[in-house]
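Heads up: the sequence shown begins at 136 in the numbering used here, then just goes up one per residue.
Structure record follows, encoded as structure tokens.
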Amino acid sequence: MDIIASHHKNKNFSQFWKETKKLSPRAGLPVSVEGVSETTEIANLFMEHFKVKLSRGQGDTLRMPTADSVIAPVTVNAKEVRNIIVRMTRGKSPGHDGLSIEHLLYAGVHLPRVLALLYSLCIRHSYLPEGLMKTIVVPIIKDKRGDPSDKNNYRPISLATIMAKVLDSVLDSHLGKHMCLHDGQFGFRPGLSTESAILCLKHTAQYYVDRGTPVYACFLDLSKAFDLVSYDLLWDKLSGETNLPSELVAILGYWYRHQQNNVRWAGSLSDTYGLDCGVRQGGLTSPKLFNLYVNRLVGELSSAGVGCSIDGKFVNNISYADDMVLLSPSISALRKLIGICESYAVAHGLRYNVKKSELLVFKAGRHSCNNIPPVTLCGAPLNRVNKFKYLGHWVTEDLTDDLDIERERRALAARCNMLARRFARCSKEVRVSLFKAYCHTFYTCSLWVKYTQKAYSALRVQYNNAFRVLLGLPRYCSASGMFADARTDGFHAIMRKRAASLMRRIRGSACRTLKVAERGIFGGEMKKFVVCIIFVVGSLCAGRRPRTRLLSSKATSPSPERDSICEEKYAFYPMVGQCDAYFECINWKAEVKFCSDGLVFLPGTAYADYPCRYPADVSCAGRPQLQVPRPTRECPRQYGFFSSGDSTSCAEYRNCVDGVAYHLRCPEPLAYNPASYQCDWPDLVKECDAEAYLGVTCPRIETDDPVSYAHPKDCRKYYTCVQGRPRLQQCDLDQAFDDYTGRCVNKEDTVCVLV
């Protein structure tokens with residue numbers, strides 16, 4: 136204890152935490168696993184358990200990506216390597232080479248230059264030394280309260296060599312530069328966290344519940360998702376869906392194809408084995424590679440046109456790595472979303488765990504959701520629950536937070552009891568530092584907005600009593616006084632800081648899915664909380680004592696005044712002169728809203744529906760103005776259907792969703808008509824050169840009547856010239872076009888001459 140106190144007094148916090156962690160007892164290894172007691176045999180047992188067979192039947196046909204010849208090859212510079220070495224976390228377990236980051240950190244100023252040259256040559260030649268690719272796999276127990284002798288209670292963690300870790304960091308930085316992921320993905324992305332995903336889930340559900348519509352949420356669980364990534368599909372995605380240089384794709388392929396793994400158990404190593412599929416558990420690039428592997432699924436779900444949407448933005452799926460939740464206001468739409476997931480899983484070798492996937496219905500008002508049609512996943516019915524622990528946060532069918540507050544209260548009690556038991560003899564300064572580190576973290580507390588005072592007060596009392604017990608203070612002492620004396624935050628100060636931190640992160644985020652929730656977050660209860668914070672801080676800065684009655688939850692607000700434009704309490708009304716703007720009346724108060732870029736307002740829309748539609752479905756007569764376009768590389772506006780712009784390739788068009796273009800094609804011989812948003816005859820599309828598109832030319836004759844001619848290369852096909860423009864058509868399967876009669880006849884009754 137004296138050593139810990141001296142480190143704290145000297146502000147040597149790295150050694151302070153190192154000595155503190157030594158006091159935490161570590162669970163020993165079990166004597167046997169699955170009845171096997173010899174260490175080498177246990178290591179081989181885990182080797183067989185961690186090896187995953189390809190489920191797509193491609194084990195013998197997997198191919199290696201190759202690097203294209205490029206003028207400007209990828210090079211690694213010494214500054215990049217130096218920055219990576221400095222930023223890497225120290226004190227981590229070494230890999231097969233026995234070296235740690237400290238060896239590189241203190242090896243001299245010339246090492247980064249040598250490593251940069253080595254990595255550049257490896258990338259240039261798509262080759263890595265055998266020793267660099269050796270990996271130690273360590274089984275880590277999943278549930279400490281579970282059975283330690285059960286092999287299924289362990290997950291693999293890969294310990295790479297230190298040279299491989301630095302190279303992995305180099306590749307990770309390049310992946311971040313050249314990879315563009317969908318906004319529906321929240322896992323392992325800068326500026327986003329589990330809190331962001333939970334926030335979008337709760338806000339979307341609350342948005343529909345406030346409008347009297349229940350929300351059906353399907354929580355999907357992928358079995359061994361990271362271990363089932365197919366390499367050939369992954370290389371295709373890296374080459375086709377990113378701008379990653381082919382040299383980097385090739386070096387990743389070589390690494391995964393030739394890596395050698397050994398499971399380590401109690402100092403013994405298993406036999407060497409390779410991997411046929413799956414990204415390395417614990418690798419720096421692994422999260423990004425997995426996000427890319429499922430990125431198209433997120434895009435397909437978002438562009439399906441069904442499920443929950445807010446202000447024209449579909450929020451029908453929220454993904455955090457392999458944890459996904461589907462959101463829909465109807466069962467039929469939810470089934471369609473599940474069908475998309477099932478098809479994608481089959482095509483990509485993934486498997487859903489039906490036992491762990493569950494259905495939760497967020498109830499709205501007096502709607503009875505007791506008898507709902509069955510919802511199946513992979514042919515098995517989903518279990519319906521009234522609560523679900525999503526990313527560590529309890530979500531309930533009535534969107535209350537009492538259960539999650541109780542979870543945090545129990546966790547706080549366990550942490551405080553641990554501190555009081557192990558560090559009772561430490562100095563006061565040390566105990567206060569430990570209290571700040573272990574007890575100031577209230578997971579997702581900034582998302583608690585609907586709770587009872589009883590649950591909230593129980594957590595506050597637990598926090599205050601924990602501090603008293605740790606410092607040996609009497610129970611009757613003032614809470615505010617003891618926190619002020621120890622120069623640490625009280626309960627309400629922590630809650631205010633966490634709420635302010637959430638607001639700052641949301642407003643600074645570039646995620647469009649998170650931006651959808653921003654308006655709702657800064658309204659309602661959260662808005663009142665922000666106003667109260669600003670009032671209190673402003674009063675204190677001005678030297679005045681704030682009137683705490685303004686913070687009371689019992690304060691009542693005057694009844695809202697009625698705006699003249701609101702003929703109904705809840706309704707939509709058009710804005711004069713502008714087609715993509717409208718008024719939304721909420722409790723007789725009118726708010727100006729804008730449709731998503733590319734959509735326009737449809738007057739007369741029921742309040743329960745989204746009021747914006749595509750321009751082809753709405754008349755903008757008298758409302759010609761539109762908001763300024765927000766184009767992307769392939770989309771003139773964020774939403775809409777747009778032709779390819781090539782008059783000779785009329786069948787191709789793009790469906791833009793959130794500025795992302797999905798390329799589509801009309802069936803032959805139709806062409807896309809931008810005026811009607813439909814596939815039409817080419818002669819009816821002004822932008823289409825029908826003759827160049829169909830490959831036929833109409834004779835220049837003076838007639839207004841349609842005239843048909845045989846196709847020069849297909850006996851069944853013929854084209855009809857309508858006002859000098861061709862329209863390609865086709866006879867039945869057993870017929871051919873007769874140029875003499877101008878009709879389809881039996882094949883035996885005509886002679887077909889091809890050019």
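Virtual Cβ for every residue (Gly too), placed ideally from N, Cα, C.
It should be emphasised that the depicted structure is a prediction, and the values quoted were computed from it without experimental measurement.
In the three-state reduction of the DSSP assignment, TYR343 falls in the helix class, which pools H, G and I.
Between ALA806 and TYR828, the C-beta spacing is below 8 angstroms.
The closest CA to that of GLY859, considering only HIS231, ASP869 and PRO841, is found on PRO841. Taking the C-beta atoms as reference points, ASN452 is found nearer than 8 angstroms to SER437.
A direct Cα-to-Cα measurement between LEU761 and ASP446 gives close to 16 angstroms. Contact between the segment 448 to 468 and the segment 351 to 358 is established, with three or more Cβ pairs separated by less than 8 angstroms.
Inter-residue distance for ALA601 and ALA332 is about 31 angstroms (C-alpha atoms, whole angstroms).
A distance below 8 angstroms separates the beta carbons of ASN397 and VAL272.
Collapsing the DSSP output to three states places LYS448 in a strand. Here the C-alpha atom of GLN864 lies approximately 38 angstroms from the C-alpha atom of GLY442. Residue state for LEU569 is assigned as helix, using DSSP reduced to three classes.
Straight across, the Cα-Cα distance linking GLY794 with PHE777 is about 12 angstroms. Rounded to whole angstroms, the gap between the alpha carbons of ASN378 and GLY388 is 16 angstroms. Three or more Cβ pairs drawn from the segment 341 to 351 and the segment 493 to 509 lie within less than 8 angstroms of each other, which places the two stretches in contact.
Inter-residue distance for TYR853 and CYS866 is about 8 angstroms (C-alpha atoms, whole angstroms). According to DSSP, PRO516 shares a beta bridge with THR511. About 7 angstroms separates the Cβ atoms of PHE577 and ARG633, confirming a contact at the 8 angstroms cut-off. If you ignore the 5 residues before and after ASP318, its C-beta comes within less than 8 angstroms of the C-beta of CYS646, ARG647, THR648, LEU649 and ASP793, all in its own chain and listed in chain order. Just so you know, the alpha carbons of ILE473 and LYS448 end up roughly 19 angstroms apart. For TRP529, the beta-bridge partners assigned by DSSP are LYS524. Of the residues THR175, LYS491, ILE721 and TYR455, the one whose Cα lies closest to the Cα of GLY402 is THR175.
CA-to-CA, the gap between ASN506 and PRO802 works out to about 42 angstroms. Burial is judged here by how many other beta carbons sit within 10 angstroms of a residue's own beta carbon; LEU799 has fewer than 16 and is exposed. Here LYS423 is not near MET268, since their CB atoms are 8 angstroms or more apart.
Counting along the chain, PRO709 sits inside the beta strand (DSSP E) bounded by residues 705 to 710. Closest option to TYR487, judged by alpha-carbon separation, among THR511, ARG399 and ILE466: THR511. Non-local beta-carbon contacts of SER235 in its own chain, meaning distances under 6 angstroms to residues more than five positions away in sequence, involve PRO229 in chain order. A direct Cα-Cα distance of roughly 40 angstroms separates SER304 from TYR598. LYS359 places its beta carbon 8 angstroms or farther from that of GLU169. In the displayed model, HIS338 falls within a helix according to three-state DSSP.
For ASP869, the closest alpha carbon among the candidates ARG862, GLU883, GLY877 and CYS856 is that of GLU883. CA-CA distance, TYR586 to ALA546, rounds to 18 angstroms. When Cβ pairs closer than 8 angstroms are counted between the two stretches, the segment 276 to 294 is seen not to touch the segment 244 to 256, the count staying below three. For PRO291, the enclosing beta strand (DSSP E) covers residues 289 to 295.
As for any beta strand (DSSP E) of minimum length 3 sitting wholly inside the segment 800 to 844, the runs are 806 to 808 and 813 to 815, ordered along the chain. ILE700: not part of any beta strand (DSSP E); DSSP gives it neither H nor E.
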